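Protein chains in written order, with this note's numbering: chain E, -2 to 11; chain B, 143 to 398.
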Amino acid sequence: EVRQSYIPSFFNTL
Amino acid sequence: MLEARLEQSSVLKKVVDAIKDLVQDCNFDCNDSGIQLQAMDNSHVALVAMHLKTEGFALYRCDRNIALGINLVSLQKVLRAAQNEDVMTLKAEDSPDALSLVFENSENDRISEYDLKLMDIDQEHLGIPETEYGATVKMPSAEFQRICRDLSLLSESVAIEATKEGIKFSCTGDIGKGAVTLRQNPNVEKPELGTTIELQEPVALTFSLKYLVNFCKASGLSNTVTISLSNEVPLLIEYEMEHGYVRFYLAPKIGD
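If you want it as structure tokens, here you go:
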């Protein structure tokens, strides 16, 4: 089963 | 204060058209490098980054950084009043509550003036790390749009595999499955119609087709699209303009 990941887990807030 | 003039209103019209279905409210950050925008969609699965560089403006003056908080649907309503060939001048004071837009037609016998109310949008800025991608594919934007649309009729997800043979888009759904493989084909006469693949390492990732179809609304910005992939990082879809770009980042679907 694949699940969607999210942008903030790759690019952190400045 | 900001004063920026575009020879062709179509530049901003096309950019807003490309991103208005992905993000609603966003800050147009004006500084001495031009006008930039970075925003995630509501579900935080995708990020759009746009840059209209100073060189793309017939005139550009920005004394200090100004963030223009704009609702894209409202901006689009105002931009509808601009003809593609109209000269467009954007003006705003420092810490403005409105953006002035002036459209002048090429015969210079019609001048339209609009003020768009601005919003306070406190959007966090994300750091996008420089990435050496495993695979970088350049192809016709219409071709990519067709592949995404065709496969989105079969499935919600597409597996993208880049190998030295080429790039393969495959999907499986309730009605069956489909796959499209593009081989390296530089097309020397018409480079913008060719497909080139730079491969550092084989890559295989799965993405949501709904988002890819959405990104393809930007196909009008450029004849070509560059797709950059690396395992375990968001996909980068870039539409280059003469003096700027619109980039979409899409977080992958990860198998357990």
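We put the beta carbon where it would ideally sit given N, CA and C, even for glycine. Bear in mind that the values here come from a model prediction, so they are computed numbers and not experimental data.
Environment of residue i [buried if 16+ CB atoms lie within 10 Å]
| i | result |
| --- | --- |
| Lys259 (chain B) | exposed |
| Ala146 (chain B) | buried |
| Arg389 (chain B) | buried |
| Gln342 (chain B) | exposed |
| Ala200 (chain B) | exposed |
| Glu246 (chain B) | buried |
| Asn184 (chain B) | exposed |
| Glu303 (chain B) | buried |
| His193 (chain B) | buried |
| Val279 (chain B) | buried |
| Asn207 (chain B) | exposed |
| Met182 (chain B) | buried |
| Asp174 (chain B) | exposed |
| Ile253 (chain B) | exposed |
| Ala234 (chain B) | buried |
| Gly269 (chain B) | exposed |
| Ala360 (chain B) | buried |
| Asn356 (chain B) | buried |
Cβ distance (whole Å) where residue i is taken to contact residue j below 8 Å
| i | j | result |
| --- | --- | --- |
| Ala224 (chain B) | Met230 (chain B) | 6 Å |
| Lys156 (chain B) | Gly362 (chain B) | 5 Å |
| Leu351 (chain B) | Leu293 (chain B) | 6 Å |
| Arg0 (chain E) | Ile396 (chain B) | 6 Å |
| Val345 (chain B) | Ala284 (chain B) | Their Cβ separation, rounded to whole angstroms, is 23 Å, which puts Val345 (chain B) and Ala284 (chain B) out of contact at 8 Å. |
| Leu179 (chain B) | Asn169 (chain B) | 7 Å |
| Ser372 (chain B) | Thr273 (chain B) | 6 Å |
| Ala301 (chain B) | Thr348 (chain B) | 5 Å |
| Leu335 (chain B) | Pro282 (chain B) | 6 Å |
| Ala240 (chain B) | Asp264 (chain B) | Contact doesn't hold; Cβ gap of about 19 Å is too wide. |
Cross-chain neighbours of residue i in chain A, by beta carbon under 7 Å
| i | result |
| --- | --- |
| Lys155 (chain B) | This model lacks chain A altogether, as its protein chains are E and B. |
One or two residues paired with residue i in a DSSP bridge
| i | result |
| --- | --- |
| Lys259 (chain B) | B:Ala240 |
| Leu11 (chain E) | Beta-bridge pairing links Leu11 (chain E) to no other residue. |
| Thr366 (chain B) | B:Pro282 |
| Leu164 (chain B) | None, per the DSSP bridge assignment. |
| Lys195 (chain B) | B:Gly176 |
| Glu254 (chain B) | Note that residue 254 (chain B) corresponds to Ser in the displayed sequence, not to Glu. Ser254 (chain B) is bridged to B:Phe245. |
| Asn169 (chain B) | B:Gly211 |
| Gln1 (chain E) | B:Lys395 |
| Ala277 (chain B) | B:Leu341, B:Leu371 |
| Val388 (chain B) | B:Met192, B:Tyr381 |
| Glu145 (chain B) | B:Arg203, B:Lys233 |
| Ala181 (chain B) | B:Val190 |
Distance cut-off 7 Å: residue i Cβ against heavy atoms of the ligand ATP
| i | result |
| --- | --- |
| Val300 (chain B) | The ligand content of the structure shown is nil, which means the ligand ATP is not present either. |
message = Just to confirm the assignment: which complete alpha helix (DSSP H) runs, minimum length 4, are found wholly within the stretch 280 to 358 of chain B?
response = 283 to 294, 351 to 357
### Query
When Cβ atoms are compared, which residues of the stretch 269 to 292 of chain B fall closer than 8 Å to chain E?
Gly269, Ile270, Pro271
Exercise. Which residues, in chain order, does the stretch 382 to 396 of chain B contribute to contact with chain E at a C-beta distance below 9 Å?
Worked result: Near chain E, meaning a CB-to-CB distance below 9 Å, the residues of the stretch 382 to 396 of chain B are Tyr391, Leu392, Ala393, Pro394, Lys395, Ile396.
Worksheet item: Taking a cut of 8 Å between CB atoms, which residues from the stretch 294 to 316 of chain B lie near chain E?
Response: Ser299
Practice task
Scan the stretch 339 to 369 of chain B for residues whose Cβ lies nearer than 8 Å to a Cβ of chain E and list them as they occur along the chain.
Solution key: Close to chain E, meaning a Cβ-Cβ distance shorter than 8 Å, are the following residues of the stretch 339 to 369 of chain B: Thr348, Ser350.
* To do: Please list the residues of the stretch 187 to 209 of chain B that have a C-beta atom closer than 8 Å to any C-beta atom in chain E, keeping them in chain order.
  => Val187, Ala188, Leu189
| request: Using a Cβ-Cβ cut-off of less than 7 Å, list which residues of the stretch 154 to 187 of chain B approach chain E; keep chain order. | output: Met182, His186, Val187
Query raised in the report: Where are the alpha helix (DSSP H) runs, 4 residues long or more, that stay fully inside the stretch 201 to 239 of chain B, in chain order?
Result: 214 to 221
_Contacting positions in the stretch 211 to 239 of chain B - beta carbon closer than 7 Å to chain E_ = none
Requested in this report: Could you list the residues in the stretch 314 to 338 of chain B with a C-beta less than 8 Å from some C-beta on chain E, going in chain order?
Outcome: none
Contact list for the stretch 250 to 269 of chain B against chain E, Cβ threshold 8 Å: Glu266, His267, Leu268, Gly269
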